[in-house]
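Notes to accompany the following structure.
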């Protein structure tokens, strides 16, 4: 079209170009009409559908598939706009492809949700062009669909698979520790390396070989995940809040505990303890915990550890393994709640999990260029040393405490749970 316009302009000085440009315009017009005819002679040229699970996993890449079918006898060029939920904040969702006559094709893309809740997908709009390319037809497929974003079920299954295979993905302390527990399992023939203290002399006297008692981990112990929902857990990291990392880890730990025949439970708290799922090992327990975690929201209140202690004392009378997910910004903040944590630890086995600021650590290890950099690096190192001091103080008080990279939280917690089980620390 630009060439025709240029010829029309030149025709004011070169007369014969007027007829040439007018003739070209007529030819283009005919092609345009032919293009319109090819595009609109059918009610729809392309059949499109969206396929995805009804539940998305928080913080994971979730697959969305689109199936395309060319219903015409023409080769088509397509531009597809899928109306994804506004929570993803995607403004350039444009997929370009082409289809041969009567061809079927499947395309896909990934979505990573960072907020739990209900998400709504809208219509699928397809802009269709033929080889001529002078016209475009918009075809809309109303494919409104709701999906629910739950805590990471994908991560839960990955951790389960890793533990089943006697290793934990992406983590440290991968070797399985073997230790004596308190439940007798069965008799077995003595082999080199068995603990001589486990020899069953009475059973050996009735056999032709030495027999030893085999022990397994204690079962039906209570394992509680306690998540701080206060303002200290609102800090973002890699698109999620620290609270969300605690949510994902609690689900993964609960699943592993139930698989190992323990009872899993859940408590969340901020200014008061407001979510409580009593530890149990029923077939519906994991679903109860999943729904409770899905509904949990952090707030800006100061965390009330006194109320947490009273809640645990009232509703968790039996000795339990408690993983507390929280965060401490300073030694002073830790000292304020330390007396309460010590009281909880007297009645239960308490493991305090708080978070390492990996971005601050990386910054503190970078090279200083200016006086301001030196000052900022010094403050960063001071903050890191204060976190390490918190760890030492917990250890001095006999409380298990671990500072962890948020991305490795699930792996670290599950490893520590397995270590506690194999060492019979309960």
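In this note's numbering, the protein residues as written are 19 to 444. All C-beta atoms, glycine included, are put in the ideal place defined by N, C-alpha and C.
Two segments are said to touch when three or more pairs of C-beta atoms, one from each, lie closer than 8 Å; by this definition the segment 247 to 266 does not touch the segment 58 to 73.
Between residue 292 and residue 286 a beta carbon distance of about 6 Å is seen, short of the 8 Å cut, so the two are scored as contacting. Runs of the alpha helix (DSSP H) lying entirely within the segment 305 to 387, each at least 4 residues long, are 323 to 333, 349 to 365 and 376 to 382 in chain order.
Between residue 165 and residue 106 the beta-carbon gap is near 11 Å, outside 8 Å, which marks them as no contact.
Collapsing the DSSP output to three states places residue 167 in a strand.
When secondary structure is reduced to three states using DSSP, residue 47 falls in the helix class. Beyond the five residues adjoining it in sequence on each side, residue 409 comes within less than 7 Å, by CB distance, of 419 and 421 in the same chain, given in chain order. In chain order, 169, 170 and 173 place their CB closer than 6 Å to the CB of residue 266, counting only its own chain and leaving out the 5 sequence neighbours on each side.
Contact between the segment 383 to 394 and the segment 336 to 347 is not established, with fewer than three Cβ pairs separated by less than 8 Å. Annotation for residue 183: no residue places its beta carbon closer than 8 Å to its own, counting only its chain and skipping 5 residues before and after.
It is roughly 8 Å from the alpha-carbon of residue 443 to the alpha-carbon of residue 367.
Contact annotation: residue 62 and residue 89 have beta-carbon atoms nearer than 8 Å. Burial check for residue 114: the Cβ neighbour count within 10 Å stays below 16, so the residue is exposed.
Inter-residue distance for residue 146 and residue 101 is about 17 Å (C-alpha atoms, whole angstroms). Pairing residue 180 with residue 241 gives a Cβ-Cβ distance that is not under 8 Å. Scanning its chain for C-beta atoms nearer than 7 Å, with the 5 sequence neighbours on each side dropped, one finds around residue 121 the residues 88, in chain order.
Rounded to whole angstroms, the separation of the alpha carbons of residue 439 and residue 238 is 11 Å. Under the Cβ criterion (8 Å, minimum of three pairs), the segment 354 to 366 counts as touching the segment 325 to 341. Short of 7 Å from the beta carbon of residue 136, and not among the five residues preceding or following it, lie these beta carbons of its own chain, in chain order: 164 and 166. Short of 7 Å from the beta carbon of residue 379, and not among the five residues preceding or following it, lie these beta carbons of its own chain, in chain order: 402. Non-local C-beta neighbours of residue 138 in its own chain, meaning closer than 6 Å and more than five positions away in sequence, comprise 103 and 164, ordered along the chain. Taking the Cβ atoms as the reference, residue 204 lies roughly 5 Å from residue 232, within the contact range of under 8 Å. Of the other Cβ atoms in all chains shown, 16 or more fall within 10 Å of the Cβ of residue 434; this residue is therefore buried.
The Cβ atoms of residue 341 and residue 243 sit closer than 8 Å to each other.
In this structure, the beta-carbon distance from residue 98 to residue 274 does not fall below 8 Å. Here the alpha carbon of residue 375 sits roughly 20 Å from the alpha carbon of residue 321. Judged by DSSP in its simplified three-state form, residue 420 adopts strand.
Going by beta carbons, residue 153 and residue 57 fall inside the 8 Å limit.
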